[in-house]
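Colleague: My numbering numbers the first residue of the sequence shown as 794 and each following residue consecutively.
Glycine residues also receive a C-beta, built at the ideal position from the N, C-alpha and C atoms.
Can you keep this structure in mind? I'll have questions shortly.
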Amino acid sequence: MARTKKTATASRSTGAPAPHRKLALAGGGTYAAQASAPLAPYVPAFLTSQTPNHIALGNISAVGMLSNELNVPGDGYCFQCRDGGDIVTCIECPRGLCMMCLDSPSDELLLHKFICPMCHRQKELDRKKLEGAKFVVCKYKGFIGRTDGKDIDLSMGLSTRSVSAKASCESVLLLVYSLHNLPLETTPVPVLMHYLQSLFPKNYMTVNIVFNLNTEEGQNTVNASNTALEMGLTTGDLRSVRRIFTIVISHTSPDTGDMHYAPNNEAADTAATVMQMLMPEKLLKAFRGGGRDSSRNILAFLTCGSMFSLNESVRELNRWFTKSKAFYALLGFEAAKLQPESTTFFLAAVMRHFYFHGQNNFIGVCLTATAGLGSHSGIFYLRGDGKVPRRYIWTHPVTAPFGGRVTGMCTFCGGVLSAAPPPKLKSKSRHRQDLRAKIVKVHCIYCPEIRTFTQPSNFSFTEYEESGGVWGYIDLVL
């Protein structure tokens, strides 16, 4: 994460090597969570009432508020007026109508099952197909079996947003594990905290656990922090949490892909081993229990790319992740010297589309919506359902053909920044068509030199375009 230019900001190197030291259990090993996180000085009850005495409040901090009343499956916005408020949800889909559009139904009427306009429409179409010429339109009453003789008036028309993705109000926990002395202000976390609060203003929680796994005392401290979190999720005031977004922030060793578990490049071990200590099975069990569905959780790593570009590192992490059964997907970034702030808009898009809109196929829209990320870093994507890990790579027919890198100077004449597309590509539409060409020719603007690149056999293009290029992918065989 070291900057390559001189600035007034602090140095943030995450690509420095660290000695590989086996991370062992307490009593014979190395493990310590210290320092305070830059969160608001609010301590929820799950910390004050259940935290073991030897945890300093600086090791684990939290901010947020939760409301179990908002944990109702379905859309948080009215299908017709797109306002919020009290929404009556359809029995067959996530859509619903607000009390005002339902003409303030009585408590007795609310006991009846409700069907939304879209599902009513589909039933009408099915009935029309079945009855043919005998079909007579049945007016929309909303509540099945209502006997007051009233219909629901939709004459005001539907909002232009009526077909937009649903908005979930169910609670989200943003859980951050950050290495000691790694400043969170240089990461997406502060932005994600505010974004989470704006999406779920009365039903969110952020917890930060700062770790320095270097002593037995430190291991006990992290274990106690995790115990407080686990008790909060199972018996405490985090029981109403329905979804969890976990972010792990650390450094990695460039040659081995090991994850640093101590600051100042003091020690590192395989990511799988460190994760076993950071997120023990008892905590992962809480992720899967209490009415929570693990397919609604995501785990993301903000580390340098060697952790996801070396097959052995990926292989071990894949085994741990699959065994955990606590997440829908794992995300990682492959830049050799990751600038964490470059991932901010991508992770915010994940929060919006996966957690707020409930879209399991979030990866495509997030790739398209985050201008500039692709030219900085590829993305590692692993599903928890056993599917093959995938590496997304940004490509451009001139600067990054098939995800490769074009040299900064011509190998023939030495001209600097000489790469250019073929002269025939004059129109924008022709250039867009060439984004997915299987053979790419890069010309030198100073001399007749032409470099030819051919699409690798294991490389495929996607439909997702971003920053003048297009995302491709490679399915990994581990």
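Using alpha carbons as the reference points, say which of R1244, Y1257, T1096 lies closest to T1136.
Modeller: Out of R1244, Y1257, T1096, T1096 has the C-alpha closest to the C-alpha of T1136.
Colleague: Apply the 10 Å Cβ neighbour rule to G1167 and answer buried if 16 or more other Cβ atoms are within range, or exposed otherwise.
Modeller: Buried.
Colleague: Comparing alpha-carbon positions, which option in S1211, K959, R1184 lies nearest S1102?
Modeller: Ranking S1211, K959, R1184 by Cα distance to S1102 puts R1184 first.
Colleague: Under the DSSP definition of a beta bridge, which residues are partnered with C891?
Modeller: DSSP, once it has assigned bridges, lists I880 as partnering C891.
Colleague: Note down the Cα distance separating R1032 from A1079, rounded to an integer number of angstroms.
Modeller: Approximately 10 Å, taken between the alpha carbons.
Colleague: Go through its chain and collect everything with a Cβ distance to S1117's Cβ below 7 Å, but skip five positions before and after it.
Modeller: Taken in chain order, the residues that qualify are L1077.
Colleague: Go ahead and label A1212 buried or exposed: buried means 16 or more other beta carbons lie within 10 angstroms of its beta carbon, across all protein chains shown.
Modeller: With 16 or more other Cβ atoms within 10 Å, it is buried.
Colleague: Within its chain, find whatever has a CB closer than 7 Å to the CB of E1023; leave out the 5 residues flanking it on each side and keep chain order.
Modeller: Answer for E1023: K1075, L1076, A1079, listed in chain order.
Colleague: Just to confirm the assignment: which complete beta strand (DSSP E) runs, minimum length 3, are found wholly within the segment 1135 to 1217?
Modeller: Listed in chain order, the complete beta strand (DSSP E) runs (minimum 3 residues) inside the segment 1135 to 1217 are 1172 to 1176, 1183 to 1188.
Colleague: Would DSSP call H913 helix, strand or coil?
Modeller: Helix at H913.
Colleague: In whole angstroms, what separates the C-alpha of H847 from that of L977?
Modeller: Low confidence applies to H847: its pLDDT is 35, below 50, so where it sits in the model is not reliable, and the reading given next is rough at best. For H847 and L977, the distance between alpha carbons rounds to 24 Å.
Colleague: Please name the residue in I1091, V1233, S860, G1262 whose C-alpha comes closest to that of T1247.
Modeller: For the residues I1091, V1233, S860, G1262, the minimum Cα distance to T1247 belongs to V1233.
Colleague: Kindly indicate the opening and closing residues of the alpha helix (DSSP H) around K1116.
Modeller: First-last of the alpha helix (DSSP H) with K1116: 1104 to 1117.
Colleague: Is A1017 helix, strand or coil when you go by DSSP?
Modeller: Three-state result, A1017: helix.
Colleague: Tell me whether Y988 sits in a helix, a strand or coil according to DSSP, three-state version.
Modeller: Helix at Y988.
Colleague: I believe I1172 touches L1210 by the beta-carbon criterion, under 8 Å. Please report the beta-carbon distance rounded to the nearest angstrom.
Modeller: Not a contact, Cβ separation roughly 27 Å.
Colleague: For a test of the three-state rule: what should DSSP assign to D1268, helix, strand or coil?
Modeller: Of the three classes helix, strand and coil, the one that applies to D1268 here is strand, per DSSP.
Colleague: Quick one: grab the DSSP three-state call for M1070.
Modeller: DSSP places M1070 in helix when its eight states are reduced to three.
Colleague: Suppose only complete runs of 3+ residues qualify. What are the beta strand (DSSP E) ranges in the segment 1001 to 1066, listed by chain order?
Modeller: Complete beta strand (DSSP E) runs here, min 3: 1036 to 1042.
Colleague: Does DSSP classify A1079 as helix, strand or coil?
Modeller: Residue state, collapsed to three classes: helix.
Colleague: I'd like to confirm the pairing. Which residues does DSSP put opposite I1232 in its beta bridges?
Modeller: In the DSSP output, where bridge partners are listed per residue, I1232 has T1247.
Colleague: According to DSSP, is H813 part of a helix, a strand, or is it coil?
Modeller: H813 falls in the strand class under three-state DSSP.
Colleague: Between which two residues does the beta strand (DSSP E) holding T1288 run?
Modeller: Because the chain is modelled from 794 through 1271, residue 1288 falls outside the range shown and cannot be assessed.
Colleague: Per the contact definition of three or more C-beta pairs closer than 8 Å, is the segment 1190 to 1208 in contact with the segment 1136 to 1152?
Modeller: Flag = no, the segment 1136 to 1152 and the segment 1190 to 1208 do not touch.
Colleague: If distances are taken between C-alpha atoms only, which option among G867, A1064, S899, G942 comes closest to E1105?
Modeller: Ranking the options by Cα distance to E1105, first place goes to A1064.
Colleague: Here's the rule I'm using: 16 or more other beta-carbon atoms within 10 Å means buried, otherwise exposed. How should H913 be labelled?
Modeller: Buried, by the Cβ-count rule.
Colleague: Give the straight-line distance between the Cα atoms of P810 and G867, rounded to the nearest whole angstrom.
Modeller: One C-alpha to the other measures close to 48 Å.
Colleague: Please name the residue in Q915, D900, L903 whose C-alpha comes closest to that of E885.
Modeller: If we check each option's Cα against that of E885, Q915 comes out closest.
Colleague: Would you check if the distance between the CB atom of A1141 and the CB atom of Y997 is smaller than 7 Å?
Modeller: It is not a contact, given that the beta carbons lie outside the stated cut-off.
Colleague: Could you give the first and the last residue of the continuous beta strand (DSSP E) run that contains S971?
Modeller: Looking at the DSSP string, the run of the beta strand (DSSP E) that includes S971 is 965 to 972.
Colleague: With 16 as the cutoff for other CB atoms within 10 Å, does T1200 come out buried or exposed?
Modeller: Exposed, by the Cβ-count rule.
Colleague: CB S1043 to CB L968, shorter than 7 Å?
Modeller: In this structure, L968 does not lie closer than 7 Å to S1043 by Cβ.
Colleague: In whole angstroms, what separates the C-alpha of F1126 from that of S1170?
Modeller: Roughly 6 Å between the two C-alpha positions.
Colleague: Thinking C-alpha only, which one of Q1069, E862, C871, L863 is nearest K959?
Modeller: The shortest C-alpha separation from K959 is found at C871.
Colleague: Could you give the distance in angstroms between the alpha-carbon of F1138 and the alpha-carbon of K1130?
Modeller: Distance between the alpha carbons of F1138 and K1130: 18 Å.
Colleague: Using a threshold of 6 Å, is the CB atom of V881 nearer than that to any non-hydrogen atom of the ligand SAM?
Modeller: The ligand content of the structure shown is nil, which means the ligand SAM is not present either.
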